[in-house]
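Presented below is the structure to which this report refers.
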Amino acid sequence: MKRRGDLLLLVAPPALLAAAAAGILLGPERLSPSELFGDSGRNILETRIPRVLLAAAVGAALSVAGVLFQAILRNPLADPYILGASSGAGLGAAPAIMFALGTWAVAGAAFAGTMVATLLVYHLAMVGGRLPRMTLLLCGVVVGYLLGAFLLFLVSQQAGGRLHDVMWWLMGSLQAGEPRLVTAVWTCMVLGTAGAWMLSRDLDLLAMGEEQAEHLGLSPERAKTVFFALGSLLTGAAVAASGLIGFVGLVVPHLVRLLIGPGHRRLVPCAALTGAAFLVIVELVSRTALPGREIPVGVVTAFTGGPFFLWLLRRQRKVFWG
Amino acid sequence: MSAGEPVGRGSGAGAEREPERNSRLASAPAFLVALFGLIAALLLPGYLSRGRRAGPQEPRPAGRIVSLSPSTTETLFALGVGDRVVGVSTWCDYPPEAKALPKMGDYGTPATEAILAARPDLVVVSGRGMQRFLAEVERSGVRVYYAPDDTAANIAEGFAELGRLVGADDAGRRLAGEMRLAFAAGALRPVGTEDGRPTVFLVTQSDPLGTVGGDTFVDELIRAAGGRNVASDLGRGYFTPTVETVIRRDPQVIVVTQMGEEGAAAARALAVRPGWGGVRAVRDGRVWSDLDPDCLLRPGPRLIKGLDELRARLARVRAEAGARPGGAPR
Numbered sequence: 003m004k005r006r007g008d009l010l011l012l013v014a015p016p017a018l019l020a021a022a023a024a025g026i027l028l029g030p031e032r033l034s035p036s037e038l039f040g041d042s043g044r045n046i047l048e049t050r051i052p053r054v055l056l057a058a059a060v061g062a063a064l065s066v067a068g069v070l071f072q073a074i075l076r077n078p079l080a081d082p083y084i085l086g087a088s089s090g091a092g093l094g095a096a097p098a099i100m101f102a103l104g105t106w107a108v109a110g111a112a113f114a115g116t117m118v119a120t121l122l123v124y125h126l127a128m129v130g131g132r133l134p135r136m137t138l139l140l141c142g143v144v145v146g147y148l149l150g151a152f153l154l155f156l157v158s159q160q161a162g163g164r165l166h167d168v169m170w171w172l173m174g175s176l177q178a179g180e181p182r183l184v185t186a187v188w189t190c191m192v193l194g195t196a197g198a199w200m201l202s203r204d205l206d207l208l209a210m211g212e213e214q215a216e217h218l219g220l221s222p223e224r225a226k227t228v229f230f231a232l233g234s235l236l237t238g239a240a241v242a243a244s245g246l247i248g249f250v251g252l253v254v255p256h257l258v259r260l261l262i263g264p265g266h267r268r269l270v271p272c273a274a275l276t277g278a279a280f281l282v283i284v285e286l287v288s289r290t291a292l293p294g295r296e297i298p299v300g301v302v303t304a305f306t307g308g309p310f311f312l313w314l315l316r317r318q319r320k321v322f323w324g
Numbered sequence: 064m065s066a067g068e069p070v071g072r073g074s075g076a077g078a079e080r081e082p083e084r085n086s087r088l089a090s091a092p093a094f095l096v097a098l099f100g101l102i103a104a105l106l107l108p109g110y111l112s113r114g115r116r117a118g119p120q121e122p123r124p125a126g127r128i129v130s131l132s133p134s135t136t137e138t139l140f141a142l143g144v145g146d147r148v149v150g151v152s153t154w155c156d157y158p159p160e161a162k163a164l165p166k167m168g169d170y171g172t173p174a175t176e177a178i179l180a181a182r183p184d185l186v187v188v189s190g191r192g193m194q195r196f197l198a199e200v201e202r203s204g205v206r207v208y209y210a211p212d213d214t215a216a217n218i219a220e221g222f223a224e225l226g227r228l229v230g231a232d233d234a235g236r237r238l239a240g241e242m243r244l245a246f247a248a249g250a251l252r253p254v255g256t257e258d259g260r261p262t263v264f265l266v267t268q269s270d271p272l273g274t275v276g277g278d279t280f281v282d283e284l285i286r287a288a289g290g291r292n293v294a295s296d297l298g299r300g301y302f303t304p305t306v307e308t309v310i311r312r313d314p315q316v317i318v319v320t321q322m323g324e325e326g327a328a329a330a331r332a333l334a335v336r337p338g339w340g341g342v343r344a345v346r347d348g349r350v351w352s353d354l355d356p357d358c359l360l361r362p363g364p365r366l367i368k369g370l371d372e373l374r375a376r377l378a379r380v381r382a383e384a385g386a387r388p389g390g391a392p393r
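Chains W and P are the protein sequences, given in the same order.
Mapping to this note's numbering: the first sequence position 51 is 53, numbers consecutive.
Mapping to this note's numbering: the second sequence position 280 is 343, numbers consecutive.
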């Protein structure tokens with residue numbers, strides 16, 4: 003498994019670069035490279051590059067966040083949105099979209115919404131200075147439903163164009179409206195991923211179970227808090243820039259674990275690279291699959307990734323995760 | 064008979080287990096039958112009474128009208144029967160008198176009880192989207208008119224039909240005639256001027272970018288105003304076009320359908336989006352956010368006004384493009 007981990011670490015960066023090259027060179031407008039990099043195609047190139055960059059950052063951020071939440075909760079169904087982050091982000095973003103406050107306001111509101119939901123769950127789940135896994139999970143899911151109800155209420159009271167705007171945001175979009183937002187997401191992604199990677203030993207211990215972790219000298223409560231914060235930062239950044247893109251954060255960690263095993267020292271960087279490459283490809287599909295129109299990214303993720311993951315799961319022919 | 068033995072043993076073991084499994088399996092079909100029976104019993108009365116109320120009713124003109132979409136409210140006032148409108152939706156804001164009328168739900172969800180309490184003879188709504196929510200109103204015997212919202216011809220026909228329903232036949236026919244005339248004017252251009260028509264990209268939502276396809280009345284409006292919708296062939300209805308294709312088609316005019324400060328902000332945001340700086344409309348400062356979107360997107364009588372204004376502006380664009388050497392569109 004270790005060898006396979008090293009192999010994937012060797013293969014993944016070129017794969018990501020290849021995906022990025024495809025994302026930049028291909029698209030609904032068929033242009034030769036000389037056209038694309040010449041004067042006539044400059045406009046097109048300017049739209050593709052930020053999209054590819056944003057897709058890579060969001061894919062990596064969501065995948066690493068998924069790894070973190072799966073380790074904290076020791077639950078295979080955990081994903082970046084499981085602790086109410088998606089509803090919080092939606093509840094933040096929806097009013098900003100309805101009042102047409104602009105890209106930055108929507109991004110900021112979504113990020114703030116994620117953080118507020120996360121803090122709320124954290125405080126509600128805290129029992130006597132401890133953060134029991136099941137309490138955390140239940141609090142997260144229920145807060146998610148609660149905020150989701152507020153969100154649906156807001157949406158139900160809207161009509162016409164604004165309603166579409168909100169619905170589209172909920173399905174995710176990687177149209178980079180603001181170049182500096184791409185930079186901001188990259189910064190958060192790199193910080194969060196580096197943090198998770200440096201603490202990968204603690205992640206291993208935590209994933210083994212809290213008692214063992216404590217025996218081996220880890221303070222599980224502190225570790226959970228730190229990883230919770232890192233995961234929320236990554237999720238918030240991704241959601242702020244691209245709306246709700248599902249599936250990536252749930253499945254990419256599992257996919258990579260199936261390939262290279264559960265050690266986080268390799269799992270974290272491999273998940274980041276794989277998630278980035280995956281979302282870059284998904285973004286390319288979302289703008290080329292139907293002639294003339296774009297499909298929401300959140301729709302394409304499960305379409306393309308689901309069958310592949312199921313095939314891999316069947317091929318392993320063994321009981322996966324318990 | 065060595066082969067017979069395992070079979071015999073197998074069937075013996077099966078017989079031991081059989082009773083338990085049988086009892087469970089036997090109850091499953093019975094349960095399913097009961098379930099279907101229950102569902103059928105619940106649905107049947109509604110199904111049988113479906114056609115009953117749809118008898119021949121060609122009643123006197125509606126005296127009390129509830130209008131549940133902005134466009135139908137505008138049509139009713141344009142027909143001169145605004146004083147008979149007893150309820151509107153929260154989105155009905157034109158003409159100003161409409162704002163003062165009792166609100167009976169918003170565009171997506173009608174307040175059924177408030178509508179029924181107002182004892183209307185006629186409920187009017189744009190399009191079929193709300194049919195599901197109005198089933199109760201229809202069942203109670205109130206006539207519901209779903210005004211067409213698809214093509215300009217059908218919308219015009221809807222004006223005439225609504226006029227008939229409210230006893231304003233002449234006004235309805237006149238309004239329909241004006242509408243048809245306004246949209247026909249675009250088709251009456253001299254032969255050979257097709258290529259000179261300014262290309263237009265109409266933005267219905269900014270993130271992700273949304274626009275209108277070739278099967279919408281808005282596309283007809285752009286054409287009738289002397290423009291060419293660059294997204295005509297890219298999709299149907301209201302959709303999200305591939306951004307790079309739109310950029311590649313290099314529209315001369317971009318119409319942002321938000322107004323005031325909001326529209327100006329949306330126009331500025333579009334101009335700084337990666338890839339849009341080189342588009343002709345942005346370069347030439349022709350990102351328009353000051354056309355009243357309600358006159359472009361609401362399938363009501365003000366479409367005529369929106370069409371006239373867009374036509375006047377596109378004529379200027381065309382004149383300027385023609386005057387400038389090398390400025391002629393591809």
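C-beta: ideal position from N, C-alpha, C; glycine also.
Point to revise | Neighbourhood of Asp81 of chain W by C-beta distance below 6 Å, restricted to the same chain and skipping five residues each side | key: A distance below 6 Å between beta-carbons, with the five flanking residues on each side excluded, links Asp81 of chain W to the following residues of its chain, in chain order: Gly68, Gly251 and Leu252.
Practice item. Could you tell me the boundaries of the alpha helix (DSSP H) in which Ala328 of chain P lies? Key: Element bounds for Ala328 of chain P: Gly323 to Val335.
Practice item. Run the CB neighbour count on Tyr147 of chain W, radius 10 Å, all protein chains shown included, and call it buried at 16 or more, exposed below. Key: Exposed, by the Cβ-count rule.
Practice item. Ignoring anything shorter than 4 residues or poking outside the region 219–272 of chain P, list the alpha helix (DSSP H) runs there in chain order. Key: Qualifying alpha helix (DSSP H) stretches, in chain order: 232–247.
Exercise for review: Report back the beta-carbon spacing between Thr303 of chain P and Glu296 of chain W to the nearest angstrom; my notes put them in contact at under 8 Å.
Suggested key: About 5 Å separates the beta carbon of Thr303 of chain P from that of Glu296 of chain W, a gap short enough to meet the 8 Å contact definition.
Review point. Can you tell me the Cα-Cα spacing of Ala180 of chain P and Leu153 of chain W, whole angstroms?
Key: Taking the straight line from one Cα to the other gives about 30 Å.
Check your understanding: Using the C-alpha atoms, what's the distance from Met128 of chain W back to Ala73 of chain W?
Key -> Near 18 Å, if we compare the C-alpha coordinates of Met128 of chain W and Ala73 of chain W.
**Study point:** Inter-residue spacing [alpha-carbon to alpha-carbon] between Ala239 of chain P and Ala247 of chain P
**Key:** When rounded, the distance between both Cα atoms is 12 Å.
Review point. Is DSSP giving Gly168 of chain P helix, strand or coil here?
Key: Taken through DSSP and simplified to helix, strand or coil, Gly168 of chain P comes out as strand.
Practice item. Kindly say whether Thr185 of chain W, judged by its beta-carbon, lies nearer than 9 Å to any beta-carbon of chain P. Key: Not a single C-beta of chain P is nearer than 9 Å to the C-beta of Thr185 of chain W.
Review point. Relative to the C-alpha of Ala231 of chain W, which residue among W:Val118, W:Thr49 and W:Met169 is closest?
Key: It is W:Val118 whose Cα lies nearest to the Cα of Ala231 of chain W.
Check your understanding: Is the Cβ of Asp167 of chain W closer than 9 Å to any Cβ of chain C?
Key -> As a matter of chain content, chain C is missing from the structure shown, whose protein chains are W and P.
Practice item. Consult DSSP for Leu315 of chain W and reduce its assignment to one of helix, strand or coil. Key: DSSP places Leu315 of chain W within a helical segment (H, G or I) once states are collapsed to three.
Check your understanding: Does the region 224–238 of chain W come within contact of the region 80–96 of chain W, defined as at least 3 CB pairs closer than 8 Å?
Key -> Three or more beta-carbon pairs drawn from the region 224–238 of chain W and the region 80–96 of chain W are found closer than 8 Å, and the two stretches are therefore classed as touching.
Review point. How would you call Asp169 of chain P, buried or exposed, if buried means at least 16 neighbouring beta carbons within 10 angstroms?
Key: The residue in question, Asp169 of chain P, is buried, as its Cβ has 16 or more Cβ neighbours within 10 Å.
Review point. Alpha carbon to alpha carbon, what distance is there between Trp339 of chain P and Val345 of chain P?
Key: Answer to the nearest angstrom: the Cα atoms are 7 Å apart.
Check your understanding: Over what stretch of residues does the beta strand (DSSP E) that includes Gly150 of chain P continue unbroken?
Key -> Per DSSP, Gly150 of chain P is one residue of the beta strand (DSSP E) stretching across Val148 to Val151.
Review point. Under a CB-based cut-off of 9 Å, is Ala102 of chain W close to chain P?
Key: Ala102 of chain W counts as touching chain P.
Check your understanding: Between the region 130–140 of chain P and the region 148–167 of chain P, do at least 3 Cβ pairs fall closer than 8 Å?
Key -> At 8 Å Cβ cutoff, the stretches touch.
Practice item. Out of W:Pro298, W:Ile262 and W:Gly307, state which residue places its alpha-carbon closest to the alpha-carbon of Val13 of chain W. Key: Taking each of W:Pro298, W:Ile262 and W:Gly307 in turn and checking the Cα distance to Val13 of chain W, the smallest one comes out for W:Ile262.
Practice item. Closer than 9 Å by beta-carbon distance: list the chain W residues that pair up with Pro304 of chain P, in chain order. Key: Result: Gly294, Arg295 and Glu296.
Check your understanding: Where does Val350 of chain P sit, in a helix, a strand or coil, going by DSSP?
Key -> Note: Val350 of chain P maps to strand in three-state DSSP.
Check your understanding: Quick one: Cα of Val287 of chain W to Cα of Arg50 of chain W, how far?
Key -> Straight-line Cα distance between these residues: approximately 13 Å.
Practice item. Could you spell out the range, first to last residue, of the beta strand (DSSP E) harbouring Ala210 of chain P? Key: Arg206 to Ala210 is the span of the beta strand (DSSP E), which, as asked, contains Ala210 of chain P.
Exercise for review: Would you mind sorting Arg289 of chain W into buried or exposed? The rule is 16 or more other CB atoms within 10 Å of its CB.
Suggested key: Buried, since its Cβ has 16 or more Cβ neighbours within 10 Å.
**Study point:** chain W residues whose Cβ lies nearer than 7 Å to that of Gly226 of chain P
**Key:** Under the 7 Å cutoff, chain W gives no residues; its nearest Cβ is about 26 Å from Gly226 of chain P.
Check your understanding: Name the chain W residues whose beta carbon is nearer than 7 Å to that of Glu325 of chain P?
Key -> In chain order: Ala102.
**Study point:** Where Ile317 of chain P falls: helix, strand or coil (DSSP)
**Key:** Three-state result, Ile317 of chain P: strand.
Point to revise | Inter-residue Cα distance where the pair is Thr195 of chain W and Gly130 of chain W | key: One C-alpha to the other measures close to 30 Å.
Review point. Is there at least one Cβ from chain W nearer than 9 Å to Gln321 of chain P's Cβ?
Key: Yes, Gln321 of chain P counts as interfacial toward chain W.
Practice item. Select from P:Ile178, P:Pro183, P:Val275 and P:Pro362 the residue whose C-alpha is nearest the C-alpha of Val319 of chain P. Key: Ranking P:Ile178, P:Pro183, P:Val275 and P:Pro362 by Cα distance to Val319 of chain P puts P:Val275 first.
Review point. If you draw a straight line from the C-alpha of Glu223 of chain W to the C-alpha of Leu103 of chain W, how long is it?
Key: About 39 Å.
Review point. Phe311 of chain W to Leu257 of chain W, Cα distance in whole Å?
Key: Taking the straight line joining both Cα atoms gives about 7 Å.
Check your understanding: Do Arg374 of chain P and Ala234 of chain P have their C-beta atoms within less than 9 Å of each other?
Key -> The Cβ-Cβ distance between Arg374 of chain P and Ala234 of chain P does not fall below 9 Å.
Exercise for review: For Ala328 of chain P, go through chain W and note every residue whose CB falls closer than 8 Å to its CB, in chain order.
Suggested key: Result: Ala102 and Gly104.
Exercise for review: Could you tell me which chain P residues have their CB closer than 8 Å to the CB of Trp170 of chain W, listed as they occur along the chain?
Suggested key: Result: Gln268, Asp270, Pro271, Gly273 and Thr303.
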